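The structure under discussion appears below in the form of structure tokens.
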Amino acid sequence: MNTRQRWVVHLDMDAFFASVEQLTRPTLAGRPVLVGGASGRGVVAGASYESRVYGARSAMPMQQAVRLCRGKAVVVTPRFAVYSAVSAQVFELLGREGDTVEQLSVDEGFVEPESLAGCTPQEVERWAQDLQSRVDGEVGLPCSIGVASTKLDAKMASDLAKPHGVTVVGIERRAEVFASRPVGELWGIGPVAQNKLAEVGVTTIGEFTDMDDIDVKGLLGSVGLQVQGYARGRDSRPVAPRARAKQVSAERTLETDATTTVEVDPVLVRAATAARHRLLGDGRAARTVTVKTRTADFKAHTRSTTLVTPTDDLDEIIAAARSVVPRPEVSGAVRLVGVSLSGLTEERQAVLFPEPGSLDPGAEVTTESEVDGATDEETEEHQVQPASWRPTVDVHHVEFGHGWVQGTGAGVVSVRFETRSTGPGKARSLAVDDPDLRPADPLDSLR
Numbered sequence: 001m002n003t004r005q006r007w008v009v010h011l012d013m014d015a016f017f018a019s020v021e022q023l024t025r026p027t028l029a030g031r032p033v034l035v036g037g038a039s040g041r042g043v044v045a046g047a048s049y050e051s052r053v054y055g056a057r058s059a060m061p062m063q064q065a066v067r068l069c070r071g072k073a074v075v076v077t078p079r080f081a082v083y084s085a086v087s088a089q090v091f092e093l094l095g096r097e098g099d100t101v102e103q104l105s106v107d108e109g110f111v112e113p114e115s116l117a118g119c120t121p122q123e124v125e126r127w128a129q130d131l132q133s134r135v136d137g138e139v140g141l142p143c144s145i146g147v148a149s150t151k152l153d154a155k156m157a158s159d160l161a162k163p164h165g166v167t168v169v170g171i172e173r174r175a176e177v178f179a180s181r182p183v184g185e186l187w188g189i190g191p192v193a194q195n196k197l198a199e200v201g202v203t204t205i206g207e208f209t210d211m212d213d214i215d216v217k218g219l220l221g222s223v224g225l226q227v228q229g230y231a232r233g234r235d236s237r238p239v240a241p242r243a244r245a246k247q248v249s250a251e252r253t254l255e256t257d258a259t260t261t262v263e264v265d266p267v268l269v270r271a272a273t274a275a276r277h278r279l280l281g282d283g284r285a286a287r288t289v290t291v292k293t294r295t296a297d298f299k300a301h302t303r304s305t306t307l308v309t310p311t312d313d314l315d316e317i318i319a320a321a322r323s324v325v326p327r328p329e330v331s332g333a334v335r336l337v338g339v340s341l342s343g344l345t346e347e348r349q350a351v352l353f354p355e356p357g358s359l360d361p362g363a364e365v366t367t368e369s370e371v372d373g374a375t376d377e378e379t380e381e382h383q384v385q386p387a388s389w390r391p392t393v394d395v396h397h398v399e400f401g402h403g404w405v406q407g408t409g410a411g412v413v414s415v416r417f418e419t420r421s422t423g424p425g426k427a428r429s430l431a432v433d434d435p436d437l438r439p440a441d442p443l444d445s446l447r
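The UniProt record's numbering puts the sequence shown at residues 1 to 447.
Rendered as structure tokens:
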């Protein structure tokens, strides 16, 4: 064995969004928590492990997840400013442990410490356990760590470590650990590729790596052949910083060409939902929504619009997409629909509770030739609407400090006063017009 074996570390925060909520709102610790929109089209952005026991998961319709949890789940509106702040803390810590960090999303990334080169698996495991303990202690959140000789293997190893575990896979154990795993666990083998492989009787990673190269290329193209090489252990990709994406997008191909806008709409919603899910993983909000359709004659038709303020709200993204989707009654029968979100920023809505789907009345709808050269305009100032004590919003009281709204009705608002450092706090009932109660910065819950 090469004594200078390469070791790549993949760190993945466990149920990140929900774990942050449980950290900063201690009353939620140990309870089923669902992070996401509670509207009719709301989707789960994050699910705690306590809710996953009931079958809830990310990207599931919120109403379905709530039903599965039998009324025991707490639905929390996402607070991406808090998640971004915690993410920065995680990756600052990771940077101290390794030479170069490659951040994949708000909650996962790679590092390849030079100090690990040539170490034994046992030494690497002790190092990873120490890193995990530091994340536990400094950040206060659980993570899973996978370590292997390549980036693909390290990522799969961290999946095997979940939740809150460490898995080390040396070169000599690759086949033993991964060969029997589902082929869909490979980075780059999505549902379409899985279906194609299943049609020829290939369902495991071992069966995939045993396939003839020519058969793989014929079935999945050159990309599939590249993934097969990675799965065989031929993955020399370095750990390197990534430039942040300028946009996120998702496309969906229709089973049969759509000739009406009504037929296009469900596919548009699915594409918008998938794009927004990627936006959540990126940890930013989007200013511009672009819809692309491809017609039966393979021509692309693209239109876009700009929102008043950056958003990550699904209802608002869907409304924007619907406002500009090219109509098949005009363009011709549609075979593909795509939604992309651009103008990405850390900032979010300036208004406290905007109406879903509110677009900039002065925004120009652009055609395909105009999209690439479009530039974001400065956000105009808007008057903040009066505070509405919606459930889970952060508040501050002059006497009781920082808290979050549990519910409101009959002129009374119930607030749980607690932060990360307080432990479970006491709930108090206050008048909705209490002059000492005001909206608060969600970041204060991290104190």
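By construction, the Cβ of each residue, glycine as well, lies at the ideal position given by its N, Cα and C atoms. As the structure is a computational prediction, the values presented were derived from the model and not from experiment.
Annotation for residue 26: 418, 423 and 424 place their beta carbon closer than 6 Å to its own, counting only its chain and skipping 5 residues before and after. Residue pairing from DSSP places residue 301 in a beta bridge opposite 293. A Cβ-Cβ contact shorter than 8 Å links residue 239 with residue 8. Apart from the 5 residues on each side of it in sequence, residue 447 sits with its Cβ closer than 8 Å to the Cβ of 402, 419, 420 and 421 in its chain, given in chain order. For the options 103, 110 and 36, the alpha carbon positioned closest to that of residue 76 is the one of 36. Contact between residue 160 and residue 193 is absent: CB atoms are separated by about 21 Å, not below the 8 Å threshold. Counting every other CB atom within 10 Å of its CB across the protein chains shown gives residue 137 a total below 16, marking it as exposed.
The count of Cβ pairs closer than 8 Å, one atom from the stretch 65-85 and one from the stretch 109-127, stays below three, leaving the stretches out of contact. One thing to note: residue 12 has its Cβ no nearer than 8 Å to the Cβ of residue 133.
Taking 8 Å as the cut-off, the Cβ atoms of residue 275 and residue 340 count as close. By the Cβ test, the stretch 64-76 is not in contact with the stretch 312-327, since fewer than three Cβ pairs between them sit closer than 8 Å. The stretch 261-275 and the stretch 224-236 do not touch, with fewer than 3 CB-CB distances between them shorter than 8 Å. Taking 8 Å as the cut-off, the beta carbon of residue 344 is found no closer than this to the beta carbon of residue 416.
For the pair residue 183 and residue 200, the CB atoms are not nearer than the 8 Å cut-off.
The stretch 232-251 makes contact with the stretch 140-157: 3 or more CB pairs, one atom from each, lie closer than 8 Å. Per the coordinates, the alpha-carbon of residue 206 lies some 30 Å from the alpha-carbon of residue 253. Between residue 413 and residue 53, the alpha-carbon positions lie close to 31 Å from each other. When secondary structure is reduced to three states using DSSP, residue 68 falls in the helix class. Residue pairing from DSSP leaves residue 274 without any beta-bridge partner.
Residue environment: residue 288 is assigned as buried (16 or more neighbouring CB atoms within 10 Å of its CB, all protein chains considered). Residue environment analysis places residue 74 among the buried positions, since at least 16 neighbouring C-beta atoms fall within 10 angstroms of its C-beta. Beta-bridge analysis with DSSP links residue 9 to 111 and 147.
Counting only unbroken stretches of 3 or more residues, the beta strand (DSSP E) elements lying wholly within the stretch 398-434 are 401-409, 412-417 and 426-431, in sequence order.
For residue 61, there is no enclosing alpha helix (DSSP H), as DSSP marks it with neither H nor E. Residue pairing from DSSP places residue 182 in a beta bridge opposite 204. Counting the other CB atoms within 10 Å of its CB gives residue 214 a total below 16, which places it among the exposed residues. Approximately 19 Å separates the beta-carbon atoms of residue 249 and residue 295; this is outside 8 Å, ruling out the contact.
In this structure, the CA atom of residue 24 is about 19 Å from the CA atom of residue 438. Around the beta carbon of residue 210, a 10 Å sphere encloses fewer than 16 other beta carbons of the protein chains shown; the residue is thus reported as exposed. Here residue 288 is bridged, per DSSP, to 306 and 342. Taking each of 335, 139, 127 and 58 in turn and checking the Cα distance to residue 92, the smallest one comes out for 139.
Residue pairing for residue 394: DSSP places it in a beta bridge opposite 404. For residue 248, the enclosing beta strand (DSSP E) starts and ends at 247-258. Annotated three-state conformation of residue 193 is helix, per DSSP. If you draw a straight line from the Cα of residue 66 to the Cα of residue 5, it comes to about 47 Å. In the assembly as shown, residue 158 is a buried residue. Its beta-carbon has 16 or more other beta-carbons within 10 Å.
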